[in-house]
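Notes to accompany the following structure.
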Amino acid sequence: MSGWGRSRRCLFLFLLLVVMATLFLATFVDRRVLVGQVRGLRDGTTGEAPGRRDALRFPAGTADSQPRQHADPGTREIRRERTGAAGRKVTSQPRTLKHGCRDGNAARDVSDLSSRQRWNALRHIIVNDEYRFLYCYVPKVACTTWKRVISVLEGRFSDPEHIPVDMYKFHVQNWTYLSHYPAASVAYRLQHYYKFMFVRDPLARVVSAFRDKFERRMEAFSLKEAWTILERYRQGPLSLQNVSRPNVTFQEFVQYVVDTPHPSMNEHWRSYLGLCQPCAIHYDFVGHLDTLEDDAKTVLSAIGADDKVAFPARSAFYSHASSEAAVNHYLSQLSPDLFQKLVSKYETDYNIFGYKLPER
6 MSGWGRSRRC LFLFLLLVVM ATLFLATFVD RRVLVGQVRG LRDGTTGEAP
56 GRRDALRFPA GTADSQPRQH ADPGTREIRR ERTGAAGRKV TSQPRTLKHG
106 CRDGNAARDV SDLSSRQRWN ALRHIIVNDE YRFLYCYVPK VACTTWKRVI
156 SVLEGRFSDP EHIPVDMYKF HVQNWTYLSH YPAASVAYRL QHYYKFMFVR
206 DPLARVVSAF RDKFERRMEA FSLKEAWTIL ERYRQGPLSL QNVSRPNVTF
256 QEFVQYVVDT PHPSMNEHWR SYLGLCQPCA IHYDFVGHLD TLEDDAKTVL
306 SAIGADDKVA FPARSAFYSH ASSEAAVNHY LSQLSPDLFQ KLVSKYETDY
356 NIFGYKLPER
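For the sequence shown, the numbering used here assigns the number 6 to the initial residue and increments by one for each residue that follows.
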């Protein structure tokens, strides 16, 4: 065999070895990814970014791991009494939850929740260690305004009405959530911090979510949800316009909400029970959107921040009557059967917070 022939043969064998090594490495990496995903299904960590794993594993975690640069329960800052601006102790009357928390589907304590339920609740609770409060944010119930107020209390801004940031970046910025803490710190804060959340009529919130996410603006997550809705419920092939600018109808959206299990629902229309677990986490105060400004003053007074920030007033264009008329307009588009299914979807929320079930 000539030298050139031997060289070609050696080159061929070398390339073959490279290909085999590449395939072996790819198979090994895929196997590690698969193993990681299987483990993730067990502990709820699949799909999360590195560095958040300990937080996600809270239900099975240990109490002696350290949170991200937060004070331990033993520090003086955490143990100080909650006082008002003049050093006075401040208390507030909690809103009594209704009989819905006593049915067979409601947990009595955080320990009664599944790992997924616990994680979903903890990652919606914003923590402030200086004023010792926990706020469970509910999308479409003044949560943007409350985040603005909390930003001022944290010293990021001086005025909640003039925060010059993009709203999407504002919502996803590095807030401190209860899920960031180890188990012992979570338990301490749940026991000793002032806990509050805000609610509104559940179906009014659903209508508000539809109008905001599918009519007024189309964010990345809205596009994804819209394409899913059209693929499931729109008859015939989708046009180019449907793909580029989906025109989801309210009926299609409601059908999608009704057919989606609660744990898989987007947070903008997930139930209050699924978001904040009010039957397991004993909130000191539950405010209502209809009495937002008065209830916000109660909360700020209770945490001793009423002299630090003023809760922004509602727009002068807002009126409860016009809001109620808009909700009725959208709900009237539903068939009686679909309307009843939507009511049933949120029936537990209605019962827990004492709202009257809507009727046709």
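Ideal Cβ placement from N, Cα and C applies to all residues, glycine included.
Residue i versus residue j: straight-line alpha-carbon distance, rounded
| i | j | result |
| --- | --- | --- |
| residue 288 | residue 202 | 7 Å |
| residue 316 | residue 239 | 43 Å |
| residue 343 | residue 329 | 20 Å |
| residue 177 | residue 361 | 34 Å |
| residue 214 | residue 117 | 30 Å |
| residue 358 | residue 175 | 29 Å |
| residue 250 | residue 18 | 53 Å |
| residue 167 | residue 150 | 11 Å |
| residue 192 | residue 152 | 23 Å |
| residue 197 | residue 252 | 47 Å |
| residue 255 | residue 241 | 18 Å |
| residue 160 | residue 140 | 17 Å |
| residue 307 | residue 106 | 25 Å |
| residue 345 | residue 113 | 28 Å |
Local Cβ density within 10 Å of residue i, reported as buried at 16 or more and exposed below that
| i | result |
| --- | --- |
| residue 156 | buried |
| residue 56 | Reliability of the predicted coordinates at residue 56 is poor, the pLDDT of 34 falling under 50, and the value obtained from them is presented with this limitation in mind. Residue 56 should be labelled exposed. |
| residue 230 | buried |
| residue 264 | exposed |
| residue 302 | exposed |
| residue 119 | exposed |
| residue 349 | exposed |
Cβ-based neighbour list, residue i, same chain, cut-off 8 Å, excluding 5 preceding and 5 following
| i | result |
| --- | --- |
| residue 314 | 154, 157, 158, 165 and 305 |
| residue 261 | 230, 233, 234, 237 and 238 |
| residue 319 | 297 and 298 |
| residue 227 | 218 and 219 |
Member of the options whose CA lies at the smallest distance from the CA of residue i
| i | options | result |
| --- | --- | --- |
| residue 131 | 116, 148 and 119 | 148 |
| residue 347 | 267, 138 and 310 | 267 |
| residue 340 | 300, 290 and 257 | 257 |
| residue 293 | 227, 254, 206 and 118 | 206 |
| residue 309 | 135, 18, 113 and 106 | 135 |
| residue 199 | 331, 138, 291 and 336 | 138 |
| residue 133 | 357, 182, 228 and 359 | 182 |
| residue 333 | 349, 307, 364 and 303 | 364 |
| residue 220 | 291, 335, 345 and 204 | 335 |
| residue 121 | 22, 282 and 295 | 282 |
| residue 331 | 345, 216 and 113 | 216 |
Neighbourhood of residue i by C-beta distance below 7 Å, restricted to the same chain and skipping five residues each side
| i | result |
| --- | --- |
| residue 115 | 123, 195, 285 and 286 |
| residue 162 | 156 and 168 |
| residue 259 | 339, 343 and 347 |
Other residues of its chain near residue i: CB distance less than 6 Å, five sequence neighbours each side excluded
| i | result |
| --- | --- |
| residue 337 | none |
| residue 366 | Residue 366 lies beyond the residue range present for the chain, which begins at 6 and ends at 365; the question has no answer from this structure. |
| residue 300 | 292 |
| residue 222 | none |
| residue 22 | none |
Open item on the list: Under 8 Å, with one C-beta from each stretch per pair, do the region 186–205 and the region 256–272 reach the 3-pair mark?
Closed with: no
Task: Three CB pairs or more closer than 8 Å across the region 196–210 and the region 139–152 - done: yes
- [ ] Count the CB pairs spanning the region 277–285 and the region 348–359 that are closer than 8 Å, and state whether there are at least three.
- [x] yes
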